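In this text, residue positions in the sequence shown follow this note's numbering: the first is 1, and each later residue adds one.
Even for Gly, the Cβ is constructed at its ideal location relative to N, Cα and C.
None of the values given here were measured: they were computed from a predicted structure.
Worksheet: one structure, shown below.
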Amino acid sequence: MTRQPLVFSASLLQTIAVATGAQAVDMPVRKAGLWEMKMVRAGSPMPEMTMQHCTDETVDKEMNNNISPVTKQVCSKQDIQKTATGYVSDSVCNVAGMTTTTHADITGDFNSAYTVKSTAHVQGGPAGATGRDSTTTIEAKWLGACKPDQKPGDIVMPGGFKMNVRDADKLKNLLPK
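Shown next as C-alpha coordinates:
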(Lines of atoms letter the chains of each structure in order from A and count residues from 1; the text may use other names and numbers.)
(Lines give C-alpha, C1' and ligand atoms only; values in the text may rest on other atoms or scores of the structure.)
Protein backbone atom coordinates (compact mmCIF):
# COMPACT_ATOMS: atom_id res chain seq x y z
CA MET A 1 0.00 0.00 0.00
CA THR A 2 1.45 3.39 -0.94
CA ARG A 3 1.71 6.23 1.55
CA GLN A 4 -1.05 8.39 -0.01
CA PRO A 5 -3.79 5.68 0.10
CA LEU A 6 -2.72 4.75 3.65
CA VAL A 7 -2.88 8.34 4.89
CA PHE A 8 -6.12 8.88 3.00
CA SER A 9 -7.59 5.63 4.36
CA ALA A 10 -6.82 6.57 7.94
CA SER A 11 -8.23 10.07 7.39
CA LEU A 12 -11.31 8.70 5.67
CA LEU A 13 -11.99 6.15 8.38
CA GLN A 14 -11.73 8.84 11.07
CA THR A 15 -14.07 11.09 9.10
CA ILE A 16 -16.58 8.30 8.52
CA ALA A 17 -16.40 7.45 12.20
CA VAL A 18 -17.28 11.06 13.01
CA ALA A 19 -20.21 10.87 10.60
CA THR A 20 -21.51 7.52 11.84
CA GLY A 21 -20.17 7.01 15.34
CA ALA A 22 -21.72 7.41 18.74
CA GLN A 23 -19.60 9.42 21.13
CA ALA A 24 -21.49 11.88 23.33
CA VAL A 25 -24.76 11.34 21.42
CA ASP A 26 -26.24 8.56 19.33
CA MET A 27 -25.73 9.37 15.67
CA PRO A 28 -28.19 8.06 13.09
CA VAL A 29 -27.09 5.06 11.03
CA ARG A 30 -26.71 5.67 7.32
CA LYS A 31 -29.19 4.07 4.94
CA ALA A 32 -27.92 0.70 3.70
CA GLY A 33 -26.53 0.68 0.18
CA LEU A 34 -23.94 2.42 -1.94
CA TRP A 35 -22.83 5.90 -0.89
CA GLU A 36 -20.75 8.19 -3.10
CA MET A 37 -18.42 10.32 -1.02
CA LYS A 38 -16.67 13.30 -2.58
CA MET A 39 -13.80 14.61 -0.46
CA VAL A 40 -12.26 18.03 -1.13
CA ARG A 41 -9.33 19.27 0.99
CA ALA A 42 -8.36 22.94 0.80
CA GLY A 43 -4.91 23.83 2.12
CA SER A 44 -3.61 20.32 1.42
CA PRO A 45 -1.64 18.77 -1.44
CA MET A 46 -4.12 15.88 -1.55
CA PRO A 47 -6.29 16.05 -4.69
CA GLU A 48 -10.08 15.97 -4.69
CA MET A 49 -11.25 12.36 -4.40
CA THR A 50 -14.53 10.63 -5.01
CA MET A 51 -15.03 7.16 -3.64
CA GLN A 52 -17.87 4.73 -3.15
CA HIS A 53 -18.71 3.05 0.13
CA CYS A 54 -21.02 0.04 0.37
CA THR A 55 -22.55 -0.06 3.84
CA ASP A 56 -25.30 -1.44 6.00
CA GLU A 57 -26.40 -0.92 9.61
CA THR A 58 -24.01 -3.58 10.93
CA VAL A 59 -20.99 -2.04 9.17
CA ASP A 60 -21.73 1.46 10.45
CA LYS A 61 -21.95 0.14 14.01
CA GLU A 62 -18.81 -2.00 13.58
CA MET A 63 -16.89 1.00 12.22
CA ASN A 64 -17.59 2.90 15.40
CA ASN A 65 -16.59 -0.08 17.54
CA ASN A 66 -13.35 -0.62 15.58
CA ILE A 67 -12.33 3.02 15.31
CA SER A 68 -13.28 4.09 18.85
CA PRO A 69 -10.32 2.23 20.42
CA VAL A 70 -7.97 3.89 17.92
CA THR A 71 -9.34 7.36 18.64
CA LYS A 72 -9.20 6.71 22.38
CA GLN A 73 -5.55 5.72 21.97
CA VAL A 74 -4.48 8.79 19.98
CA CYS A 75 -7.11 11.45 20.82
CA SER A 76 -7.19 13.40 24.07
CA LYS A 77 -10.55 14.87 23.04
CA GLN A 78 -13.31 13.34 20.90
CA ASP A 79 -16.69 14.96 21.41
CA ILE A 80 -19.86 14.89 19.28
CA GLN A 81 -22.95 16.90 20.15
CA LYS A 82 -26.37 17.30 18.52
CA THR A 83 -27.17 20.79 17.22
CA ALA A 84 -30.27 22.41 15.72
CA THR A 85 -28.98 21.66 12.20
CA GLY A 86 -27.23 18.30 12.71
CA TYR A 87 -24.12 17.48 14.73
CA VAL A 88 -20.83 19.09 15.67
CA SER A 89 -17.60 17.24 16.45
CA ASP A 90 -14.44 18.50 18.15
CA SER A 91 -11.28 16.43 18.54
CA VAL A 92 -7.62 16.71 19.44
CA CYS A 93 -5.47 13.78 18.27
CA ASN A 94 -1.72 13.06 18.31
CA VAL A 95 -0.12 10.66 15.81
CA ALA A 96 3.60 10.41 15.07
CA GLY A 97 4.40 13.68 16.85
CA MET A 98 1.69 15.63 15.02
CA THR A 99 -1.20 17.11 17.00
CA THR A 100 -4.36 17.67 14.96
CA THR A 101 -7.19 19.81 16.32
CA THR A 102 -10.37 19.33 14.29
CA HIS A 103 -13.83 20.91 14.32
CA ALA A 104 -16.53 19.37 12.07
CA ASP A 105 -20.11 20.32 11.27
CA ILE A 106 -22.27 17.42 10.07
CA THR A 107 -25.58 18.11 8.33
CA GLY A 108 -27.99 15.98 6.31
CA ASP A 109 -30.44 13.17 6.78
CA PHE A 110 -28.22 10.03 6.50
CA ASN A 111 -30.87 8.53 4.18
CA SER A 112 -30.16 10.40 0.96
CA ALA A 113 -27.29 12.83 1.59
CA TYR A 114 -25.11 14.39 4.27
CA THR A 115 -22.18 16.79 4.41
CA VAL A 116 -19.21 16.91 6.77
CA LYS A 117 -17.32 20.23 6.79
CA SER A 118 -14.23 20.19 8.96
CA THR A 119 -11.35 22.48 9.73
CA ALA A 120 -8.10 21.11 11.08
CA HIS A 121 -4.95 22.63 12.53
CA VAL A 122 -1.87 20.39 12.50
CA GLN A 123 1.09 21.18 14.74
CA GLY A 124 4.40 19.33 14.76
CA GLY A 125 5.48 16.46 12.56
CA PRO A 126 8.32 16.42 10.04
CA ALA A 127 10.87 19.18 10.55
CA GLY A 128 8.89 20.55 13.53
CA ALA A 129 6.24 22.25 11.41
CA THR A 130 4.92 25.42 12.98
CA GLY A 131 1.33 24.72 12.00
CA ARG A 132 -0.78 23.95 8.98
CA ASP A 133 -4.48 24.54 8.48
CA SER A 134 -6.79 22.66 6.15
CA THR A 135 -10.46 22.52 5.38
CA THR A 136 -12.12 19.29 4.30
CA THR A 137 -15.60 18.88 2.90
CA ILE A 138 -17.17 15.48 2.36
CA GLU A 139 -20.38 15.44 0.36
CA ALA A 140 -22.04 12.04 0.58
CA LYS A 141 -25.04 10.92 -1.39
CA TRP A 142 -26.89 7.64 -1.49
CA LEU A 143 -26.77 6.00 -4.93
CA GLY A 144 -28.90 2.89 -4.37
CA ALA A 145 -28.07 -0.75 -3.82
CA CYS A 146 -24.44 -1.86 -3.63
CA LYS A 147 -22.95 -3.25 -6.84
CA PRO A 148 -23.09 -7.05 -7.21
CA ASP A 149 -19.32 -7.40 -6.61
CA GLN A 150 -19.39 -5.30 -3.42
CA LYS A 151 -19.99 -6.34 0.14
CA PRO A 152 -20.85 -4.11 3.09
CA GLY A 153 -17.75 -2.23 4.25
CA ASP A 154 -16.09 -2.03 0.82
CA ILE A 155 -14.64 1.35 -0.13
CA VAL A 156 -13.46 1.86 -3.70
CA MET A 157 -11.21 4.88 -4.23
CA PRO A 158 -9.99 6.51 -7.44
CA GLY A 159 -7.66 4.27 -9.39
CA GLY A 160 -9.48 1.17 -8.15
CA PHE A 161 -7.76 1.00 -4.73
CA LYS A 162 -10.19 -1.05 -2.65
CA MET A 163 -10.35 -1.77 1.05
CA ASN A 164 -12.94 -2.95 3.51
CA VAL A 165 -13.47 -0.99 6.73
CA ARG A 166 -13.70 -4.30 8.55
CA ASP A 167 -9.94 -4.46 8.00
CA ALA A 168 -9.42 -1.39 10.22
CA ASP A 169 -7.36 -3.55 12.59
CA LYS A 170 -4.63 -3.52 9.93
CA LEU A 171 -4.53 0.28 10.14
CA LYS A 172 -4.39 0.20 13.95
CA ASN A 173 -1.24 -1.92 13.74
CA LEU A 174 0.47 0.87 11.80
CA LEU A 175 0.00 3.44 14.57
CA PRO A 176 2.81 4.03 17.06
CA LYS A 177 2.42 2.16 20.35
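Non-local beta-carbon contacts of Ile155 in its own chain, meaning distances under 6 Å to residues more than five positions away in sequence, involve Met51, His53 and Met163 in chain order. Here Met39 really is in contact with Glu48; their C-beta atoms are around 7 Å apart, less than 8 Å. Annotated three-state conformation of Glu48 is coil, per DSSP. Going by C-alpha positions, Leu143 is about 6 Å away from Trp35. Pairwise C-beta distances place the region 104 to 116 in contact with the region 133 to 140, as three or more of them are shorter than 8 Å.
For the set Val95, Glu57, Ile106 and Asp167, the Cα lying nearest the Cα of Lys82 is the one of Ile106. At a cut-off of 3 residues, the continuous stretches assigned as beta strand (DSSP E) that sit fully inside the region 74 to 122 are 75 to 82, 87 to 95 and 98 to 108.
The closest CA to that of Val95, considering only Lys141, Ser76 and Asn111, is found on Ser76. Closest in alpha carbon position to Cys146, among Thr55, Arg41 and Asn111, is Thr55.
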